[in-house]
Structure formats: C-alpha cells, structure tokens
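Here is the structure we will look at.
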Amino acid sequence: MKESRGYKIFKVFNTILMIIVVLLTLYPFLYLVAQSFSSEAAIYSGKVTFFPVDFNIDTYKSIIRQGDFIGYYKNTILYAISGTIISLFGTAILAYPLSKPYLRLNKFFTPFVIFTMYFGGGLIPNFVLVNALGLRNTIWAMLIPGAISTYFVLLMKAFFANLPQELEEAAAIDGMGTFGIFTKIVLPLSKPIMSTMVLFYASGLWGNWFTPFIYFDKKELWPVALYLRQIIYGAQSTNELSAGFEETAGIAASVKSASMVLMALPIICVYPFIQKYFVQGMMLGSVKG
Amino acid sequence: MKGSKKKEQVQLLQGAKTPIMVHIKRYWKLYAFLIIPVVYYILFKYLPMAGNIIAFRKYRAGSNIFGDEWSGLKYFRQFMRDNTFWNAFRNTLTINFTYLLFRFPMTIIFALLLNEVKNVHWKKFVQTVSYLPHFISVVIVCGMVKELLSVNGPINGLIKSLGHEAIPFIQLPEWFLTIFVTSGIWQALGWGTILYLAAMSGINVELYDAAKVDGANRFRQVWHVTIPGILPTITTIMILDIGSIMGSGGVFEKIMMLYNPMTYETADVISTYVYRMGVGSGNYSYATAVGLFEGVIGLILVTSANIISRKLTKQSLW
Numbered sequence: 168m169k170e171s172r173g174y175k176i177f178k179v180f181n182t183i184l185m186i187i188v189v190l191l192t193l194y195p196f197l198y199l200v201a202q203s204f205s206s207e208a209a210i211y212s213g214k215v216t217f218f219p220v221d222f223n224i225d226t227y228k229s230i231i232r233q234g235d236f237i238g239y240y241k242n243t244i245l246y247a248i249s250g251t252i253i254s255l256f257g258t259a260i261l262a263y264p265l266s267k268p269y270l271r272l273n274k275f276f277t278p279f280v281i282f283t284m285y286f287g288g289g290l291i292p293n294f295v296l297v298n299a300l301g302l303r304n305t306i307w308a309m310l311i312p313g314a315i316s317t318y319f320v321l322l323m324k325a326f327f328a329n330l331p332q333e334l335e336e337a338a339a340i341d342g343m344g345t346f347g348i349f350t351k352i353v354l355p356l357s358k359p360i361m362s363t364m365v366l367f368y369a370s371g372l373w374g375n376w377f378t379p380f381i382y383f384d385k386k387e388l389w390p391v392a393l394y395l396r397q398i399i400y401g402a403q404s405t406n407e408l409s410a411g412f413e414e415t416a417g418i419a420a421s422v423k424s425a426s427m428v429l430m431a432l433p434i435i436c437v438y439p440f441i442q443k444y445f446v447q448g449m450m451l452g453s454v455k456g
Numbered sequence: 002m003k004g005s006k007k008k009e010q011v012q013l014l015q016g017a018k019t020p021i022m023v024h025i026k027r028y029w030k031l032y033a034f035l036i037i038p039v040v041y042y043i044l045f046k047y048l049p050m051a052g053n054i055i056a057f058r059k060y061r062a063g064s065n066i067f068g069d070e071w072s073g074l075k076y077f078r079q080f081m082r083d084n085t086f087w088n089a090f091r092n093t094l095t096i097n098f099t100y101l102l103f104r105f106p107m108t109i110i111f112a113l114l115l116n117e118v119k120n121v122h123w124k125k126f127v128q129t130v131s132y133l134p135h136f137i138s139v140v141i142v143c144g145m146v147k148e149l150l151s152v153n154g155p156i157n158g159l160i161k162s163l164g165h166e167a168i169p170f171i172q173l174p175e176w177f178l179t180i181f182v183t184s185g186i187w188q189a190l191g192w193g194t195i196l197y198l199a200a201m202s203g204i205n206v207e208l209y210d211a212a213k214v215d216g217a218n219r220f221r222q223v224w225h226v227t228i229p230g231i232l233p234t235i236t237t238i239m240i241l242d243i244g245s246i247m248g249s250g251g252v253f254e255k256i257m258m259l260y261n262p263m264t265y266e267t268a269d270v271i272s273t274y275v276y277r278m279g280v281g282s283g284n285y286s287y288a289t290a291v292g293l294f295e296g297v298i299g300l301i302l303v304t305s306a307n308i309i310s311r312k313l314t315k316q317s318l319w
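Here the protein sequences line up with chains A and B, keeping their order.
Count the first sequence with my numbering and you get residues 168 to 456, in order.
Count the second sequence with my numbering and you get residues 2 to 319, in order.
In structure tokens:
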C-alpha cells in the first residue's frame, strides 16, 4: 500500500510530537531524582536542571536514619494493604450480584448505587459522621468511609457481565453453590479486573493525605503522604503551628525531593507490570459502562 | 409436581414473572452478597446525604449529627451575602471551565494521534509513560509543581538565562489558573485517552476498507470513520465533565496544596472555602449549606446535560 507524501510528513511530525509528550511527562520525575542526589548549595544556586550536581546520597541516608520517616512509611504500607483488601472485597461482592440481569431486585439496587455518583454527602456531613462514629484517630477512619468506589463497582460489574455465563451455569448444574461458583469460577477468571482494582485502590490509599489530615491528630498514625504534605506546604495557621507542625518549616529541597522519590518509587515499580491488565480491564468495563 | 415445574419453565421462557418471594427464595444466596455493601452505602453514602439537613439546622460540635434546632434558610442567606463565597463561586466556574476547555479537545486529539502510531512497541511505550502521572499522588504532583516553579528551579533558571527577573509563581494570583490547568493536563492527558482508544479499537475494520475503496486517504478516514466511531464516547465523557464543572473531584486536593492566602483571590474554590469554614473554623452548618448548594447545582448540571444529549444525539447516561 502506498502512502501519500502528506501522510509521510504527518508521520514524522507525529513521532516528534510523541517524543515531546514522553519527555515532558518524564521531566518532572527526572528533576526530582536529580535534586534528591544533589547538594543543597547546588540546588539553591539553581545549577540543577537535568542531572545531579555534587552527587551524594547523604539526603537519603539522613532520611532513613531519622526514624520518623520509616514510621510514616510503615503506616502507609499498612493502610494501603489492609485498605485494598477491604475495598476489593466490598467492591466484588457488590458488583457480582449487580452483574446478574436476572436478579429482579437489581432494578432497585443498581440506581441505589449509581445515584451516589452524582450526588454525595459532601465534606462536612461526612466529617461530622466519622467523628460521631468515634472513628477519629483510628485506622478505620482511613479504611472504611471511602472503601467502595461506585465507579469501580460499575467497572467490575461490566467485567463480570462479560464473562461467559455458560461456565457458571455448568458449575451450577454440577451442584456447585453460589459462593463456590463465585470463588472458584468467577474470581480466577477476573485477574485483569482484580489487578486493575488493586492498582487503583492501592495507589489511591498510598497517596491519600487528606483523610489522615482531617482525622489523625496523632503523628504516630500519619502516612508518608501527610508528612510530605506538611513539609511541602509548611504550616499555614497558628492552629497548625501549635499542633506541633513547626519543625516541618524550612526543610531543604533535597529532603523534599528525596522523600517524594521514596514515596513514588513503589507505585512506579509496580505500575508497568499491572498496566497490561488495567488497559484490558478499563476497555472491557467501558464498553458497557 | 413435574407439571408445575414445566409450567414454571414455560413461564420463564415467556418472561412471565414468578412471584417475587419465590424469586428471592431462589436467589437468596446472591442477594445475601449485597447485605454488607448495602449497609455500607446506607451508612457512608446515604446517611451523610441526609446529614446535609444541618444546613437547615444548627449543629454544634459533639451534638446529634442531624443538628439541634431548626434554623431555616439562615445559613443560605448568610453565604449569599458573603463576598468570599461569590469569589470562590466565580473561581470554581473559571477554573473548571478553563481546564475542561483545554483538556477535552487535547485529549481527543492526542488519542487520534496515538491511534496513528503504527509501531506497536513505540505506541505501548508512549501509552505507558503518559498514563503514569494518573497514578502519582496529588501530594507529589503539587510537590513537583512547587519545586519546578521555585525561584531556584529550572523554569526560573530558563527565565533568568533569558535575562529576566525570576517570577515567584506560587505567590502570584495571576499565575494560578495557568499553573493549575497546565499541571492538570500533565496529569490527565494520557489517562484521558484510554476510553477513546478503547472505542477506536472497537470500530469495524471493514468501515476503513470501504472508505479506502471509495478513495478516502488517511485523513478522510479519520474524519469519516474514526471520529463518528468515537462520538458516543465523546458524548458520554462530555456529560460527565459538564456535571463536574461545579464539582471538586481532583480539583479540591490540588488546590488545597497549591493555594495560599496570597492567591485566594484567584485560587479559592467552593470546596476549599467549605473546608476552611467547616473543618477549619468549625462553622459546620454554614459550610454544609455552601457544600449542599454546590452539590445541587452539580446534580442539576449533569441531569440537564444528560437530557439535552438524549434529545440531540439519542445518547445518554441513563
């Protein structure tokens, strides 16, 4: 098949454009990494642009030696793992029955679930409720109120609906119960959507700074995201100053960058391996939406 | 016995309804799956929705979550007279609308261009890289923005090398919109293409072949086959985006990290104002009234977009 000259020119232009997009996307990451390995003097005088200047790993050493950061990191891992398990469980057991068109009560349950996508309680009623339930300063404030995302329920529901129903019917005829079918037939077939959900929920929990910000008064409960928010943003009000945030003001740029790199690292490492699944998962989900 | 079962099957085939109790009894195990999620939805989605009642009732910290006594429209009248509220209202519309105006067409164009990349490995690589920012926490995104824009950062380095004075971007109200929209596009451009690419991969290849037979070149094929093929997706995303023009999803946390009292004039939005008034200063009922106002407008917007779309394009969310 021959290509017109116009199309050839377009292809060159398109390739250049794609290279620019890739470079612009990666540059901020590169810059953070460069800063984290540079000396504070070099950063301050604006010498760092692409690569580390006065290469050293002292920043990382000091962050890791200082016990607080490790503590925050452990909290983040705990919240991400336990939260993902809870969210995945809740999403799956809701999406599965909703994916069965022959369940007549779904005529009520489906709108019941979907409506919450368009109208929500809002910040203050949620805040008031979580405090009233006594979840403040407990790990549950982080894990439960936001556990199920309606959007993800709909994605998973579409995925389940697209699975070949014959397998489930055959298993039912063989005398397998509803629960057995779900755990032994449906879940093993759902790796793409489950991996997608793990990445979505885990990255959301990993980066969640706002929930701990409004509910956790004790620093022992802080995740890395909140610690980062404090060192990046600094204390804003006398209210926060009195709450023990003062030591976070005036932190070196190299420390900020290194902390950000350490926080982003697990997501960046895991992400390429899950990517092939979530493209599949999103595409299947989106067809039926 | 046998006869009744047969009758039942015939009924099922005809789509006639078995009595509801029989239906529930047959599928009770599947319905049982719903118990925990439904309790969760009632407790953490519908109860807070009902909790909006404190916009009309006086709530004091520690009292009943539905407030103590009726206050009527007092809090609504209060914020309607409040200049800070109207400033936040204007900014909400300006920021969301500008963001949508740039992001929406850019995403479609990027998806179309990505679809023209024929080398599979290169295409995969570009996709992998461009989706990545979506998974990066807002904290890190805002940290990056602040580092890149700092007075000693690379952007000011470029400005200084051109012989100009360094610009303290984060402290200047006139820069906020640009910073917000640009960083937002960095975050969302790649991820936004995913649904369009899914729609494109679903277009029947025969349509392209037919277009080729008719002598259409690649550009005309895109115009006459690809774009009509993704039109339903464009409509759906458009409705959702219009519904979020008043909303705070994704916007709120970013502004919480990027704004400061020096830039409130252009950066304060309704959700950040609700946060400061409610969680910050403890004016719960007042803040709930403002939040409810925002939520209701959002609901009206998405509903109207849906109705208009159903009338014009026969495409709708529900």
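Where a beta carbon is used, it is the ideal one built from N, C-alpha and C, also for glycine.
Quick one: does residue i have its CB under 8 Å from some CB of chain A?
| i | result |
| --- | --- |
| A320 of chain B | No statement about residue 320 of chain B is possible, as the shown extent of chain B runs from 2 to 319 and does not include it. |
| K1 of chain B | For chain B, the structure presents residues 2 to 319; residue 1 of chain B sits outside this window and is missing. |
| P229 of chain B | no |
| N53 of chain B | yes |
| P49 of chain B | yes |
| A288 of chain B | yes |
| G73 of chain B | no |
| S272 of chain B | yes |
Checking contacts by CB at 8 Å: is residue i closer than that to chain B?
| i | result |
| --- | --- |
| T405 of chain A | With a pLDDT of 40 at T405 of chain A, under the threshold of 50, the predicted position of this residue should be treated as unreliable, and no value is reported. |
| R172 of chain A | no |
| P379 of chain A | no |
| T350 of chain A | no |
| G411 of chain A | With a pLDDT of 42 at G411 of chain A, under the threshold of 50, the predicted position of this residue should be treated as unreliable, though the coordinate-derived value follows. So, not an interface residue. |
| Q202 of chain A | yes |
| I244 of chain A | no |
| N329 of chain A | no |
| P264 of chain A | yes |
| Y318 of chain A | no |
| A419 of chain A | no |
| N293 of chain A | yes |
| M427 of chain A | yes |
| L374 of chain A | Residue identity differs from the one stated: residue 374 of chain A is Gly in this sequence, not Leu. So, interface residue. |
| M309 of chain A | no |
| L388 of chain A | no |
| V188 of chain A | yes |
| K267 of chain A | yes |
| S424 of chain A | yes |
| P433 of chain A | no |
List the residues that DSSP assigns as beta-bridge partners of residue i.
| i | result |
| --- | --- |
| W71 of chain B | B:R58 |
Enumerate in chain order the residues of its own chain whose CB-to-CB distance from residue i is below 8 Å, with the five nearest sequence positions on each side excluded.
| i | result |
| --- | --- |
| Y209 of chain B | Q222, V226 |
| N88 of chain B | Y265, E266, D269 |
| L74 of chain B | F57 |
| L94 of chain B | I246, M247 |
| L133 of chain B | G191 |
Within this structure, are the beta carbons of residue i and residue j separated by less than 8 Å?
| i | j | result |
| --- | --- | --- |
| T305 of chain A | Y42 of chain B | no |
| F111 of chain B | A290 of chain B | no |
| V214 of chain B | N92 of chain B | no |
| L190 of chain A | M364 of chain A | no |
| G244 of chain B | L149 of chain B | no |
| G68 of chain B | L395 of chain A | no |
| G374 of chain A | S138 of chain B | yes |
| I157 of chain A | F236 of chain A | This structure cannot settle anything about residue 157 of chain A, because the visible part of chain A is limited to 168 through 456. |
| G281 of chain B | G288 of chain A | no |
| N218 of chain B | Y174 of chain A | yes |
| M323 of chain A | A247 of chain A | no |
| Y227 of chain A | A425 of chain A | yes |
| Y240 of chain A | V391 of chain A | yes |
| I434 of chain A | S370 of chain A | yes |
| V130 of chain B | T350 of chain A | no |
What does a CB cutoff of less than 7 Å around residue i pick up in its chain, not counting 5 residues either side in sequence?
| i | result |
| --- | --- |
| Y318 of chain A | M284 |
| N284 of chain B | M278 |
| V200 of chain A | V428 |
| L318 of chain B | T237, I240, N307 |
Going along the chain, which residues of its own chain have a beta-carbon closer than 6 Å to the beta-carbon of residue i, five neighbours each way excluded?
| i | result |
| --- | --- |
| V118 of chain B | K124 |
| T314 of chain B | T236 |
Quick check on the DSSP output: what are the complete alpha helix (DSSP H) runs of length 4 or more inside the stretch 357 to 395 of chain A, in order along the chain?
As far as the stretch 357 to 395 of chain A is concerned, its whole alpha helix (DSSP H) runs of at least 4 residues are 358 to 374, 377 to 382.
Of all the alpha helix (DSSP H) runs that stay within the bounds of the stretch 150 to 202 of chain B, which reach a length of 4 or more residues?
Listed in chain order, the complete alpha helix (DSSP H) runs (minimum 4 residues) inside the stretch 150 to 202 of chain B are 155 to 162, 177 to 202.
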